[in-house]
Amino acid sequence: MLRNQLLLAYRILRKNFFYSFINIMGLAVGMAAVFVIGSYIQFERGYDQGAPAQAFRVLEVNLASGEKDAGLVPIYGPALQQNIPGVLATLRLFSQGGTVQIPNELQPQAFTENSYLYVDDTFFSFFPWKMRTGRTPLPDPYSVALSTKQAQKYFGDEDALGKSLVIRDMFGIQEYTVTAVYELPENTQLPYPMVLTNTRLFHEDNAGNYIEGWGAFTTYAALAEDVIPSALEEASSGLINTYLGEDAGLALALQPIEQVYLSGDPAMMQHGNYGNPGLIQLLGWIGLVILALAWINYVNL
Numbered sequence: 111m112l113r114n115q116l117l118l119a120y121r122i123l124r125k126n127f128f129y130s131f132i133n134i135m136g137l138a139v140g141m142a143a144v145f146v147i148g149s150y151i152q153f154e155r156g157y158d159q160g161a162p163a164q165a166f167r168v169l170e171v172n173l174a175s176g177e178k179d180a181g182l183v184p185i186y187g188p189a190l191q192q193n194i195p196g197v198l199a200t201l202r203l204f205s206q207g208g209t210v211q212i213p214n215e216l217q218p219q220a221f222t223e224n225s226y227l228y229v230d231d232t233f234f235s236f237f238p239w240k241m242r243t244g245r246t247p248l249p250d251p252y253s254v255a256l257s258t259k260q261a262q263k264y265f266g267d268e269d270a271l272g273k274s275l276v277i278r279d280m281f282g283i284q285e286y287t288v289t290a291v292y293e294l295p296e297n298t299q300l301p302y303p304m305v306l307t308n309t310r311l312f313h314e315d316n317a318g319n320y321i322e323g324w325g326a327f328t329t330y331a332a333l334a335e336d337v338i339p340s341a342l343e344e345a346s347s348g349l350i351n352t353y354l355g356e357d358a359g360l361a362l363a364l365q366p367i368e369q370v371y372l373s374g375d376p377a378m379m380q381h382g383n384y385g386n387p388g389l390i391q392l393l394g395w396i397g398l399v400i401l402a403l404a405w406i407n408y409v410n411l
């Protein structure tokens, strides 16, 4: 029976070849377009999906205006973990640029880098990128992890693990040891080729920079499985009163890491990339319209 149906379909195709060709091609092109759009939407929605389930970006909320800010003073990180039960770990990020020198007895090399990240040593527990080399990414106070591309740039085909970098920026000059090489994901909100421990930022030598008052740190918090985010948000009022004063007029809000990229507000992206949620929604509707038109065309012809 199936053979007869196939023969019948073949005869119809031969008899009406031109119209059949237009019919099939229209459906195929429509489905291909929908597939491309769907793949793009899936990619955009997949940013940092490997983050822990209970990992959040911490936002500061102005109670008077309702405005939110992703740039926090650095005290929030340790204060959250020390004062609020259920906060397992915190992470602070600070972006900086400077000069990276590769010590070499014959001919030292220097590179100008526009952007790298100073981080707490918990960084790779919040962003579990695949390690090419190095099991413990940031084990020491002056450790640095490089992307595979950055390691190639600095050291060529040599093994970067254990190599030294001398970094000069607004915080002074410091030698770092490469302790890991990671594969930088294409869909991450933090496409930084170099990640360094932030020990030197809070060293007494930098006290004159008044870094404790800089509202320029992106902060994350990892909560225990049984902790409800709203409970932490409510508990944060006491924390703010303690550290910033009762008249600060501020509160804290939590945003899941996987939602940060498509948060829709460039001003909220203190560090890294951001996407366009409106574009994603528009493309979704366009895909549905294309699929509907392709199907209608196929049925009518």
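Start counting the sequence shown at 111; every next residue gets the next number (the numbering used here). Each residue gets a CB set at the ideal place from its N, CA and C atoms; glycine is no exception. Since the model is a prediction, treat every value here as computed from it, not as a measurement.
Selection VAL146, PHE166, TYR226 and LEU362 evaluated against GLN369 yields PHE166 as nearest (Cα-Cα). By the Cβ neighbour-count rule, TRP395 is exposed, with fewer than 16 other Cβ atoms within 10 Å of its own. At a Cβ-Cβ threshold of 8 Å, LEU227 and TYR330 do not count as neighbours.
Under DSSP, ARG278 forms a beta bridge with THR209 and ILE283. Using a C-beta cut-off of 8 Å, the segment 182-194 makes no contact with the segment 241-253, since fewer than three inter-stretch Cβ pairs fall below that distance.
Between the segment 150-157 and the segment 323-343 there are fewer than three inter-stretch CB-CB distances shorter than 8 Å, so the stretches are not counted as touching. When rounded, the separation of the alpha-carbon atoms in PRO339 and VAL183 is 21 Å.
If one requires a minimum length of 3 residues, the beta strand (DSSP E) runs lying completely within the segment 138-216 are 165-172 and 197-212, in chain order. When C-beta atoms of the segment 347-359 are compared with those of the segment 198-207, fewer than three pairs fall below 8 Å, so the two segments do not count as touching. Restricting attention to TYR186, GLY397, THR258 and VAL409, the CA atom closest to the CA of ASP230 is found in TYR186. If you compare the alpha carbons of GLU170, ASN407, THR200 and GLN284 with that of PHE236, the shortest gap goes to THR200. Under the 8 Å Cβ criterion, the segment 167-183 does not count as touching the segment 254-265, having fewer than three qualifying pairs. Here GLU223 is bridged, per DSSP, to GLY208.
Boundaries of the beta strand (DSSP E) harbouring SER253: 253-257, taken from the DSSP string. DSSP places LEU271 in the coil class of the three-state scheme, outside both helix and strand. According to the DSSP assignment, THR243 belongs to the beta strand (DSSP E) that extends over 241-243.
Judged by DSSP secondary structure, TYR353 falls within the alpha helix (DSSP H) whose first and last residues are 339-354.
Apart from the 5 residues on each side of it in sequence, ILE390 sits with its Cβ closer than 8 Å to the Cβ of ILE151, GLU154, ARG155 and LEU372 in its chain, given in chain order.
A residue is called buried when at least 16 other Cβ atoms come within 10 angstroms of its Cβ; VAL210 meets this threshold and is buried. In the DSSP assignment, GLN369 falls within the alpha helix (DSSP H) that extends over 367-370.
By the neighbour-count criterion, in which a residue is buried when 16 or more other Cβ atoms sit within 10 angstroms of its Cβ, VAL146 is exposed.
Within 10 angstroms of the beta-carbon of SER175 lie fewer than 16 other beta-carbons, which makes it exposed. Selection PHE327, LEU294 and PHE131 evaluated against PHE312 yields PHE327 as nearest (Cα-Cα). Residue GLN164 holds the alpha-carbon nearest to the alpha-carbon of LEU198 among GLU293, GLN164 and ALA220.
Distance check between ASP279 and each of ASN224, THR289, MET241 and GLU296 places ASN224 closest, using alpha-carbon atoms only. In this structure, LEU360 places its C-beta atom within 8 Å of the C-beta atom of LEU173. Where ALA331 is concerned, the enclosing beta strand (DSSP E) starts and stops at 328-333.
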